[in-house]
Amino acid sequence: MFRQGMAAAWRAEIVSGACSRGIRRKIREKISMENLLEIKHMRKAFDELEVLKDISLTVKKGEVVSVIGPSGSGKSTLLRCATLLEKMDGGSLFYLGETVCKPQQGDAGDSVYVSKKELKKFHRYFGLVFQNFNLFPHYSVLKNIADAPLRVAGIPKQEAQEHARELLSQLGLEDKADAYPCQLSGGQQQRVSIARALALRPEILFFDEPTSALDPELTGEVLKVIRQLAQEHMTMIIVTHEMNFAKEVSDRIIFMENGLIQEEGTPEELFHSSKERVQEFIGKLSDG
Amino acid sequence: MQFGTVLLQLSKGLVVSVEIFFLTLLFSLPLGLVVAFGRMSKNAVVRTVTKVYISIMRGTPLMLQLIVVYFGPYYLFHVRISAAYRFIAVIIGFAVNYAAYFAEIYRGGIESMPKGQYEAAQVLGYSKMQTFFRIILPQVVKRILPSVTNEIITLVKDTSLAFVIAVAEMFTVAKQIAAAETTVVPLMIAGVYYYVFNLAVALAMERIEKHYRYYEG
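Structure, rendered in structure tokens:
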């Protein structure tokens, strides 16, 4: 229910339209082999400061990837470049095989972005949940969720509102539909923010420290939602400091420091890493 | 002169004052938004020209600006001024002046908006226009209401400046009667009229502010 992407619907159409079974099977195989997100040699500097030095990352459909690391390691910048809030200086970025930007020459040269018009379509593919929710305070909870599908995706009002109510009830907030964000607790606001991102049926959901602005009591309810999404195989990239949660929910964990990926692997691999720095960092966070 | 006649004449003048008031708001509120955009423009030329305009409008007396607008066309372009132009000149002068004040109020409100609102809208796929008019501007309106109320109250009293180009708004009428009848009573009555006018404005603004209390932030 959460994760039927628009691309999935498109795929289903193409697949059913193709005439022979053989072709259908080949297309299905090709699409599932495609990487949902591909980042090659991402580089980003703000004035003199190089925040991202050389980041390469691929994410397949259904994967849950956690990104951990100390402050200033570039985790947020990585998310912001992937969601087009920032333009990366070098390297390339692909969604479902389609180019967002790539260097003119080589693999790690200066990024050249596709036209503004073409960039617009990529917003359908991802959603971003912010650390401080960024809900629209002058819209009701229902409108926060249903407005973008209506205004951006052109979905009829009735359908958008029904879908919004569905999402709210799946998140346990159906009685808050007419409330305003200022009337909700932090945990509830963050859950609405997740619903707002899901309403557009993105292929991949990014989370930028979703629980960092919440007190420990409210953190649990948000993690529960993310766990639910992981169980439904929603593709997600989660920047978090919640080590135990990351361990529990991720297929892969990435440890970043100083703009580089220092270590990458399954939770078991990472928690038993031979690298001192990784052990040190995880140790500090796990102590809580 | 009978008291009733005084009231009647002052009321006719009040109608003119009210006309000036509403027409000024009608033009200066949108114009102020345009000027605010100019003030925040990425283009350095546009930005500087706008800054100079705002500086002159706020730095010189409105009375003087009215005189310039009224007599300007004759002295600059040798265009003959008709009597009807007086009222138009008043509206132009007021609107252009108040637009500068509103522009700075708008700018303050817009610049105080958290970046997160823009970013959330951008990630969701809203266009720049949609973001500004549906997400940002409604929130800006709530924030700038107290400042706008201040300006509007000032405007009520500023309407009396129209006397300088002989537009018969209420204060002019009051002065004429006071001079003719050698009594200050008409001026006192004018004062009461202004106060009542302002009371109505303050009540209206309070209603609007109350409406915006449906949400916080």
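Line by line, the protein sequences are chains A and B. Read in this note's numbering, the first sequence has 50 at position 50, and its numbers run on one by one without any break. Read in this note's numbering, the second sequence has 108 at position 108, and its numbers run on one by one without any break. Here a beta-carbon is modelled for each residue, glycine too, at the ideal position from N, C-alpha and C.
Between A95 (chain B) and F27 (chain B), is the Cβ-Cβ spacing less than 7 Å?
Position 95 of the second sequence, counted from the start, is the residue given in the question as residue 95 (chain B). Position 27 of the second sequence, counted from the start, is the residue given in the question as residue 27 (chain B). Their beta carbons are under 7 Å apart, which means A95 (chain B) touches F27 (chain B) by this criterion.
Going by the CB atoms, is the gap between M63 (chain B) and A100 (chain B) shorter than 7 Å?
Your numbering for residue 100 (chain B) matches position 100 in the second sequence. Your numbering for residue 63 (chain B) matches position 63 in the second sequence. Contact flag unset, no.
Of the choices A:L93, A:A146, A:F130 and A:E217, whose alpha-carbon is the least far from that of K40 (chain A)?
On the first sequence, residue 40 (chain A) is found 40 positions in, with the first residue counted as 1. If we check each option's Cα against that of K40 (chain A), A:L93 comes out closest.
Find the residues of chain E that neighbour Q130 (chain B), judging by a C-beta separation of less than 7 Å, and give them in chain order.
Among the protein chains of the structure shown, namely A and B, there is no chain E.
Q65 (chain B): contacting residues in chain A (beta-carbon distance under 7 Å)
Within the second sequence, residue 65 (chain B) is the residue found at index 65, counting from 1. The contacting residues do not exist; Q65 (chain B) stays about 36 Å from chain A at best.
Under 6 Å Cβ to Cβ from I238 (chain A), same chain only, skipping five residues before and after it: list those, please.
Residue mapping note: residue 238 (chain A) aligns to position 238 of the first sequence, counting from 1. Only S66 and F207 meet the Cβ criterion.
Give a yes or no on whether 7 Å exceeds the smallest Cβ distance from N134 (chain A) to chain B.
Against the first sequence, residue 134 (chain A) aligns to sequence position 134. Yes, because at least one Cβ of chain B sits closer than 7 Å to the Cβ of N134 (chain A).
Under 9 Å Cβ-Cβ, which residues of chain B neighbour L200 (chain A)?
The residue you call residue 200 (chain A) lines up with position 200 of the first sequence. Within chain B, the residues near L200 (chain A) are L124 and G125.
Using the beta-carbon of each residue, which ones in chain B are nearer than 8 Å to R124 (chain A)?
Reading the first sequence from its first residue, position 124 is the one you call residue 124 (chain A). Under the 8 Å cutoff, chain B gives G125.
Got a sec? Which residues, its chain only, sit under 8 Å from M88 (chain A) by beta carbon, not counting five neighbours each side?
For the purposes of this step, residue 88 (chain A) is identified with residue 88 of the first sequence, where counting begins at 1. For M88 (chain A), where only same-chain residues beyond five positions count, the Cβ hits under 8 Å are M42, R43, K44, L52, C81, C101 and S111.
Can you list, in chain order, the residues of its chain whose CB lies under 7 Å from that of L29 (chain B), leaving out five sequence neighbours each side?
As a position in the second sequence, residue 29 (chain B) is number 29, starting the count at 1. If the five residues before and after L29 (chain B) are omitted, its C-beta is found closer than 7 Å to the C-beta atoms of F102, all from its own chain and listed in chain order.
List the residues of chain B whose Cβ lies closer than 8 Å to the Cβ of P210 (chain A), in chain order.
Translated into positions along the first sequence, residue 210 (chain A) becomes position 210. Neighbours of P210 (chain A) on chain B: none; closest Cβ ~14 Å, over 8 Å.
So F112 (chain B) and R134 (chain B) are supposed to be a Cβ contact under 8 Å. How far apart are they, rounded?
Along the second sequence, read from residue 1 onward, the residue named residue 112 (chain B) stands at position 112. Along the second sequence, read from residue 1 onward, the residue named residue 134 (chain B) stands at position 134. Reading off the sequence shown, one finds Ser at residue 112 (chain B), where the question assumed Phe. In fact, because the Cβ distance is near 18 Å, the residues do not count as touching under 8 Å.
Among A:K224, A:A153, A:M243 and A:I55, whose alpha-carbon lies nearest the alpha-carbon of K302 (chain A)?
Because chain A here runs from 1 to 288, residue 302 (chain A) falls outside it and cannot be looked at.
Within the same chain, show all residues whose beta-carbon is closer than 6 Å to that of D251 (chain A), passing over the 5 residues directly before and after it, in chain order.
In the first sequence, the residue the question calls residue 251 (chain A) occupies position 251. Correct list, in chain order: E63 and V64.
Going by DSSP in three states, D107 (chain A) sits in which element: helix, strand or coil?
Reading the first sequence from its first residue, position 107 is the one you call residue 107 (chain A). The answer is coil: DSSP assigns D107 (chain A) none of H, G, I, E or B.
Measuring only the C-alpha atoms, how far is E269 (chain A) from I105 (chain B)?
One-based indexing of the first sequence puts residue 269 (chain A) at position 269. One-based indexing of the second sequence puts residue 105 (chain B) at position 105. When rounded, the distance between both Cα atoms is 57 Å.
Please name the residue in A:E248, A:T235, A:S185 and A:A195 whose C-alpha comes closest to that of E217 (chain A).
Taking the first sequence and counting its residues from 1, the one referred to as residue 217 (chain A) is at position 217. Among A:E248, A:T235, A:S185 and A:A195, the Cα nearest to that of E217 (chain A) belongs to A:S185.
Option nearest Y98 (chain B) by Cα separation, candidates B:Q65, B:P186 and B:G72:
As a first step, residue 98 (chain B) is located in the second sequence; it is residue number 98 there, counting from the start. Comparing Cα-Cα distances from Y98 (chain B) to each of B:Q65, B:P186 and B:G72, the minimum goes to B:Q65.
State the Cα-Cα distance for the pair S32 (chain A) and M40 (chain B), rounded to the nearest angstrom.
The sequence position of residue 32 (chain A) within the first sequence is 32, counting from 1. The sequence position of residue 40 (chain B) within the second sequence is 40, counting from 1. For S32 (chain A), the predicted model reports a pLDDT of 49, less than 50, meaning its position is unreliable and no value from the coordinates is stated.
Just to confirm, is the Cβ distance from G116 (chain B) to H123 (chain A) under 7 Å?
The residue you call residue 116 (chain B) lines up with position 116 of the second sequence. The residue you call residue 123 (chain A) lines up with position 123 of the first sequence. Taking 7 Å as the Cβ cut-off, G116 (chain B) and H123 (chain A) do not qualify as a contacting pair.
Between which residues of its own chain and S212 (chain A) is the CB-CB distance below 6 Å, once the five residues before and five after are set aside?
One-based indexing of the first sequence puts residue 212 (chain A) at position 212. For S212 (chain A), where only same-chain residues beyond five positions count, the Cβ hits under 6 Å are Q131.
Nearest candidate by alpha-carbon position, reference V218 (chain B), set B:F22, B:I54 and B:E19:
With chain B running from 1 to 217 in the structure shown, residue 218 (chain B) is simply not present.
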